[in-house]
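First the structure, in the form of structure tokens, and then the observations on it.
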Amino acid sequence: MKDRSSFSVPVTVVVLAILYIYLSTVFIFIERWFGLMSSPGVFNAVVFTFIALMCVFTYSVSVFTDPGRVPATYAPDIEDSSENPIHEIKRKGGDLRYCQKCSHYKPPRAHHCRVCKRCVLRMDHHCIWINNCVGHANYKVFFIFVVYAVIACIYSLVLLVGSLTIDPPKDELQSGDSFRTAYIISGLLLVPLCVALGVLLGWHVYLILHNKTTIEYHEGVRAMWLAEKGGNVYTHPYDLGAYENLSTVLGPNILSWVCPTSKHIDSGLRFRTAYDNLIGASTSKGS
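Residue numbering for the sequence shown is 1 to 287, as defined by the UniProt record's numbering.
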């Protein structure tokens, strides 16, 4: 990957937004609605602080984790090595592909990122908000960050609305303009974030359930059109069924799905396909 500057305007914006939402939620909304010294106030402050810390942690991991680098020694299966590597070759199995820019073979599901200037394993997209690609090694933690971000924004918005139902104390009336400004800024920030992040979360839930990346979705739309045009039926080769797809992307059990670790992932150089499952089923029946 090309050297990325430690300073990125979008990343700075995200960090400032997280900080502002946390401070306004705890020290304005919770304080105004419950009081930070009350039991409900302490409970909500602790819960929201935990969610905020998980947002910061998963966001940081998404930013600093290499999404997946193609090893310099990578080569496709030997029976495919006789193919002409001058042009990128795409087969239905995706085994033999060549990147002209990097001058090496590309594993299945790997794509070249024009921003990072190299191939990324199981690339989903390049995200300016993390100044990094979302790929094989950081996709899960990126997804979990989006989950926590949605929860945090909805939680904060609920506390904002709830705190407005309380009559303002005298000290707040004296400095009403500053509180009013804080509420306006928070509302203008939280409502669009809830919508945008909610849509993003729904999109990636769909992708995970079908074991697709964003790139593969768009490639699949074209492949489906071409298949229908030729009187054929297109099926995504990596779709193993909803539960298997979840296990492949997020981990083998429900507890691992919410844990921001990726110990379950392999090298990212080869992926199980629906065709492999059919071969395995046929072998089992034959034996």
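All C-beta atoms in this analysis are idealised placements derived from N, C-alpha and C, irrespective of residue type, glycine included. This structure is a prediction, so every number in the text was calculated from the model and none was measured.
Subject >> Where the beta strand (DSSP E) through residue 119 begins and ends >> reply: 118 to 120
Original post:
If you drop the 5 nearest sequence neighbours on each side, which residues of the same chain put their C-beta closer than 7 Å to that of residue 15?
Top reply: Nothing meets the Cβ criterion.
**OP:** State the Cα-Cα distance for the pair residue 68 and residue 213, rounded to the nearest angstrom.
**Re:** Taking the straight line joining both Cα atoms gives about 14 Å.
**OP:** Look at the alpha carbon of residue 265 and the alpha carbon of residue 218, and state the distance between them as a whole number of angstroms.
**Re:** 24 Å
Original post:
Exposed or buried, which one is residue 268 when buried takes at least 16 other CB atoms within 10 Å?
Top reply: buried
Original post:
Just reading off the beta strand (DSSP E) that residue 98 is part of, what are its end residues?
Top reply: For residue 98, the uninterrupted beta strand (DSSP E) segment begins and ends at 97 to 99.
Subject >> Three-way DSSP call (helix, strand, coil) for residue 259 in this model >> reply: coil
**OP:** Find out if the Cβ-Cβ distance for the pair residue 246, residue 208 is shorter than 8 Å.
**Re:** yes
Original post:
By Cβ distance, which residues of its chain are closer than 7 Å to residue 306, with the 5 residues on each side in sequence left out?
Top reply: Residue 306 lies beyond the residue range present for the chain, which begins at 1 and ends at 287; the question has no answer from this structure.
**OP:** Identify, in the order they occur along the chain, each residue of the same chain with its Cβ nearer than 7 Å to the Cβ of residue 24, setting aside the five sequence neighbours on each side.
**Re:** So the qualifying residues of the chain are 182 and 186.
Original post:
Taking just the CA atoms, how far does residue 61 sit from residue 145?
Top reply: 9 Å
**OP:** For my contact list, residue 273 and residue 238 are in at a C-beta cut-off of 8 Å; report their separation, rounded to the angstrom.
**Re:** 6 Å
Original post:
Could you give the residue range of the beta strand (DSSP E) that holds residue 22?
Top reply: Careful: residue 22 lies outside any beta strand (DSSP E), inside the alpha helix (DSSP H) at 9 to 24.
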